[in-house]
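Chains as they are written, first to last, in the working numbering: chain F, 1 to 79; chain Y, 1001 to 1274.
Using N, Cα and C, we set each Cβ at its ideal position, and we do this for glycine too.
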Amino acid sequence: MSAQEQLLSYVNNELLAERNLRAEANTLLFADGWIDSLSILKLIAYVELLIGREIPDQEIVMENFRTVDTIAQHFGVRP
Amino acid sequence: MTHVACNETSELIDQLAGLCPGIDSHDSVAVQPKVTALTAWLDESFGKMAVVAGAKRIQVSDRIEKSILEKAGFFESFSAEKLVDGNDSDARTPAVCYQCYPHLARRELDELGLWTCVAECGRNEDQLGIGRFRIFHMREIVLVGSGQRVHDEREVWMSKISRFAQSLGLDAALQPATDCFFAAAETRGRRLLQQVKGLKFELRISGDGPCAGLAIASFNLHETFFARRFGLKLHSGSEAYSGCIAFGLERWALALIQKLGLDRACALAGVRPT
């Protein structure tokens, strides 16, 4: 499984599982409350784990976090 | 007729005296009426803009019942010590829009509605500095409707108020807010969620002058946060979204006087020098 697939799997199995929601790589993660304040911290921590560095707060903006695809592209998560 | 009037012991004049040559905090008899008139003119300008855009005026009190603040989730985000002049049942209102939501409950709301009100607010600020006042006037425009319409209306106001500031000679820029609207700054998750979603923007004074970084207006989206708590529903039956545009009137006056000087700033407002 590629790192990008791992990220999508994490989103679906860890962050969205309880809500019975399923995201695709291009699903808007912050529409309609899919990601809440706890989930965003888990998501950031998982992306940091995948890329091996801390993400500064200034980089945590919609442009970089819109979808799993955008996260992967911006932070260099391997496809 | 506007509600705005400065207190005798104005925190604003004290700050101006520290920033502007020629303004003496001991000479408040001469300065006070001009500053009061300028602040009132600013309030009228924002109020008129709101009414032209279709806003209904709501009269609100300077004091708010603590039960309303409780319902609005204020104490989940801020300490009770933030409140000014509090007693067992009420306190000076820390922001104006909290007063609007109870008015809008149990009504069927349109896809977009605007309301506007002003009050003399109070906050015990953690930090001291330019533009931080314990007592201050805030004009707000409250937006309630569908998510998309509230979002789009906020964009309109961000442009409109940026142009207004520019027309007054203020150098100011829109920036995502770094403080948290719903929760204390230490709750990182909520702060970052707000940042990602662009829920709060502020119009801040640019440059490197003494007012640099001062936020003179904020443009906030609350999603369904207040609608859920106050039971705000659209005609369609769906939950309403809300947002608000807030103007710190003394901050606008401070920035204008610091930039233009007292007499030029007052000339803008049609206040004659004495």
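| Query | Result |
| --- | --- |
| Would a check of beta-carbon distances place Y:K1197 closer than 8 Å to chain F? | yes |
| I need the boundaries of the beta strand (DSSP E) containing Y:I1141, first residue and last residue. | I1135 to G1145 |
| In the DSSP assignment, what are the bridge partners of Y:Y1101? | DSSP, once it has assigned bridges, lists no residue as partnering Y:Y1101. |
| Please list the partners that F:F30 has in chain Y, where partner means a Cβ-to-Cβ separation under 7 Å. | V1196 and K1197 |
| Do Y:N1087 and the ligand HEM come close, with the Cβ less than 7 Å from some heavy atom? | Questions concerning the ligand HEM fall outside what the structure shown contains, since it holds no ligand whatsoever. |
| For the stretch 1010-1026 of chain Y against the stretch 1049-1069 of chain Y, do three or more pairs of beta-carbon atoms, one drawn from each stretch, fall closer than 8 Å, so that the two count as touching? | no |
| Can you name the residues that DSSP bridges to Y:D1090? | Y:E1065 |
| Would you check if there are 3 or more beta carbon pairs closer than 8 Å linking the stretch 1126-1136 of chain Y to the stretch 1249-1265 of chain Y? | yes |
| Inspect the CB distances between the stretch 1231-1250 of chain Y and the stretch 1163-1176 of chain Y and report whether three or more fall short of 8 Å. | no |
| In angstroms, rounded to a whole number, what distance separates the CA positions of Y:I1135 and Y:L1203? | 21 Å |
| Across which residues does DSSP place Y:Y1241 in a beta bridge pair? | Y:G1145 |
| Within the 8 Å Cβ cut-off, does F:D57 reach chain Y? | yes |
| Given Y:S1089, which residues of its chain have a CB within under 7 Å of its CB, disregarding the five upstream and five downstream residues? | E1065 and K1066 |
| If contact means a Cβ-Cβ distance below 7 Å, which residues of the stretch 53-78 of chain F contact chain Y? | D57, I60, V61, M62 and F65 |
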